[in-house]
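Participant: Under this note's numbering, the first residue of the sequence shown is numbered 276, with each subsequent residue one higher.
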Amino acid sequence: MYVCTAETRSFGRESDRSAMSIEVNNVTKKYGSQWAVNNMSFAIGKGEVVGFLGPNGAGKSTMMKIITCYIPPTSGDAKVCGFDVMQQGIEARKKIGYLPEHNPLYTDMYVKEYLTFIADVYRLSGRSEKVMNAIDRVGLEVESHKKIGALSKGYRQRVGLAAAIIHDPEVLILDEPTSGLDPNQLVDIRELIIALGREKTVMLSTHIMQEVEAICGRTIIINKGEVMADEATGNLRHLAGGESYDLTVELSGPMEADVLRSVRGVVAVKNIGPQQWSIRVAGREDVRKDVAELAMSKGLVILTMTRNEVKLEEIFKSLTSSIK
Ligand code: ADP
Numbered sequence: 276m277y278v279c280t281a282e283t284r285s286f287g288r289e290s291d292r293s294a295m296s297i298e299v300n301n302v303t304k305k306y307g308s309q310w311a312v313n314n315m316s317f318a319i320g321k322g323e324v325v326g327f328l329g330p331n332g333a334g335k336s337t338m339m340k341i342i343t344c345y346i347p348p349t350s351g352d353a354k355v356c357g358f359d360v361m362q363q364g365i366e367a368r369k370k371i372g373y374l375p376e377h378n379p380l381y382t383d384m385y386v387k388e389y390l391t392f393i394a395d396v397y398r399l400s401g402r403s404e405k406v407m408n409a410i411d412r413v414g415l416e417v418e419s420h421k422k423i424g425a426l427s428k429g430y431r432q433r434v435g436l437a438a439a440i441i442h443d444p445e446v447l448i449l450d451e452p453t454s455g456l457d458p459n460q461l462v463d464i465r466e467l468i469i470a471l472g473r474e475k476t477v478m479l480s481t482h483i484m485q486e487v488e489a490i491c492g493r494t495i496i497i498n499k500g501e502v503m504a505d506e507a508t509g510n511l512r513h514l515a516g517g518e519s520y521d522l523t524v525e526l527s528g529p530m531e532a533d534v535l536r537s538v539r540g541v542v543a544v545k546n547i548g549p550q551q552w553s554i555r556v557a558g559r560e561d562v563r564k565d566v567a568e569l570a571m572s573k574g575l576v577i578l579t580m581t582r583n584e585v586k587l588e589e590i591f592k593s594l595t596s597s598i599k
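(1) Whether or not the segment 343–350 and the segment 414–422 are in contact is what I'm after, with contact meaning three or more pairs of Cβ atoms, one per stretch, closer than 8 Å; do they touch?
(2) Check whether the segment 468–484 touches the segment 443–454, taking contact to mean three or more Cβ pairs, one atom from each stretch, closer than 8 Å.
(3) By the three-class DSSP mapping on this structure, what secondary structure does Y520 have?
(4) Under three-state DSSP, which class holds R493?
(5) I need the straight-line Cα distance from E466 to D533, nearest angstrom please.
(6) What does the alpha-carbon distance come out to for the pair E325 and R539?
(7) Tell me which same chain residues have a C-beta within less than 8 Å of the C-beta of R402, skipping the five on either side of it?
(8) Regarding Y373 and the ligand ADP, is the C-beta to nearest heavy atom distance less than 7 Å?
(9) Of the choices K499, I469, I554 and P529, whose alpha-carbon is the least far from that of E488?
(10) If contacts are defined as beta-carbon pairs under 8 Å, then R582 and L522 qualify, I think. What distance do you get, rounded to the angstrom?
(11) Considering Cα atoms alone, identify which of K475, F327 and M361 is closest to I371.
(12) Hey, quick one: how far does the alpha helix (DSSP H) through T391 stretch, first residue to last?
(13) Please name the residue or residues paired with V502 in a DSSP beta bridge.
(14) Under the rule that 16 or more other beta-carbon atoms within 10 Å means buried, what is N510, buried or exposed?
(15) In this structure, does DSSP put T337 in helix, strand or coil?
(16) Roughly how many angstroms separate the alpha carbons of V502 and K573, rounded to a whole number?
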C-alpha cells in the first residue's frame, strides 16, 4: 500500500491557507457500527481538478456529503474556502455547487422553470440572466424549452450541472457525474467538466480509472474509508510498483520460461498459448531486440510481438486490494 505523507496530501501548500478550496482534517463518519470514512485528511487547492477514485462503498459519497454540509462528520473537521462546514455552513454552501450521485430533478418541471426555482432557493438577484447564463454554459439551449422528464440522461446531467453553477460557486463537487451515460453523452459531459474546471475548483468522484485520466490533474484514491494514494494522475502508474509494460510474443517453436526470464528487465513470464508468451518488463527500456536475438539464438522465429501498457485498471486494483 502507498501511504500518503502530509506533503503529498497537500502538495506542499499546507502553509498557504488562502489558496485552499477544500481542507479535510482527520474526518471520520460512522453509521451505527459501520465506518464509512475513517480518519481521512486531504486538501484541494484553488483551481485544482481532483478525482476522488474508489470502488463502490469506499466512502466517496459520504465524504462529499460532509464537504457539502449535508451530513455532519462523527469527528474531525472540514472547510470550504476557509469556512468550517459545521460552524459556518451557510457561508460554506454559498461557495459550493453540488451535483449529487442521484441528481434529484423535478421531472414535471420545464428546464427554465426548474433553474428559476433553484435561483429562487439561492435568492439570487437578476435570476433570468443567471438562468440563461447557466443554460448557455452547459450547452442546454436546444433542450431548454422541454420538460426535464423528456430529456435524455446526458441532458438531465446538464440540467444538474446548470443548477450546480447557477450561483457561480468557486468549488464544484460532482458525485459520479457520468454514471449511467452512454458513450457519446459521457464524452460530452467529460468535456463540459473539463471546461468548467478551467474556472473552478472541481472535486469529482468516480470508480472509473479512465475518468480521472481524462479529466483530473490529481487523483485521491480511497478504499474502505481511507486514503490509499494522493498523486498527480500522471504518476499513478509509477505509484503502483513502477513503470512496466507487457510484451506478447508468438514464437515458431517451443521455448523455456527460464530462458525468457533471463532477458534484462523481464520480471515475469507467462505461457498464454501454444508457443505464446506474455512477458512483463519493469522499466521503460525496450527489450524487443533482446527477445528477438534470444529467439534467433535458439533457432526460432518471432511470428508476432506486441507491446501493451499495463492497464490502469490493474493499477487501481493493486492499490485498492491491499489488506486493510
Ligand atoms: P461510495 O460513494 O464510495 O460508493 P458511500 O459513501 O456511499 O460509498 O458508502 C460508504 C459506506 O457507508 C458503505 O459501506 C455504505 O454501505 C455505508 N453507508 C453509506 N450511507 C449509509 C447510511 N445512510 N446508513 C448506513 N450506512 C451507510
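In this text, a Cβ means the ideal position worked out from N, Cα and C, and glycines have one as well.
None of the values given here were measured: they were computed from a predicted structure.
Facilitator: If we stick to the structure as given:
(1) no
(2) yes
(3) For the purposes of this step, residue 520 is taken as residue 245 along the sequence shown, with counting starting at 1. DSSP places Y520 in strand when its eight states are reduced to three.
(4) Within the sequence shown, numbered from 1, the residue matching residue 493 stands at position 218. DSSP places R493 in strand when its eight states are reduced to three.
(5) Position 191 of the sequence shown, counting from 1, holds the residue named residue 466. Position 258 of the sequence shown, counting from 1, holds the residue named residue 533. Roughly 48 Å between the two C-alpha positions.
(6) For the purposes of this step, residue 325 is taken as residue 50 along the sequence shown, with counting starting at 1. For the purposes of this step, residue 539 is taken as residue 264 along the sequence shown, with counting starting at 1. Sequence check: residue 325 is Val here, not Glu. So the alpha carbons of these two residues sit roughly 38 Å apart.
(7) Residue mapping note: residue 402 aligns to position 127 of the sequence shown, counting from 1. Contacts found: T391, A394 and D395.
(8) Locating residue 373 in the sequence shown gives position 98, counting from the first residue. For the ligand ADP, not one heavy atom lies less than 7 Å from the Cβ of Y373.
(9) By 1-based counting over the sequence shown, the position of residue 488 is 213. Of the candidates K499, I469, I554 and P529, the one whose C-alpha sits nearest the C-alpha of E488 is I469.
(10) Within the sequence shown, the letter at position 307 stands for residue 582. Within the sequence shown, the letter at position 247 stands for residue 522. Rounded, the Cβ-Cβ distance is 6 Å, consistent with contact.
(11) As a working mapping, residue 371 is identified with position 96 in the sequence shown. Selected option, being the one with the closest Cα: K475.
(12) For this step, residue 391 is matched to residue 116 along the sequence shown. Where T391 is concerned, the enclosing alpha helix (DSSP H) stretches over V386 to V396.
(13) Working through the sequence shown from its first residue, we reach residue 502 at position 227. Paired residues: I497.
(14) Counting from 1 along the sequence shown, the entry for residue 510 is found at position 235. Exposed, because fewer than 16 other Cβ atoms sit within 10 Å of the Cβ of N510.
(15) In the sequence shown, residue 337 corresponds to position 62, counting from 1. The answer is helix: DSSP assigns T337 an H, G or I state.
(16) Within the sequence shown, residue 502 is the residue found at index 227, counting from 1. Within the sequence shown, residue 573 is the residue found at index 298, counting from 1. Their Cα atoms are separated by approximately 49 Å.
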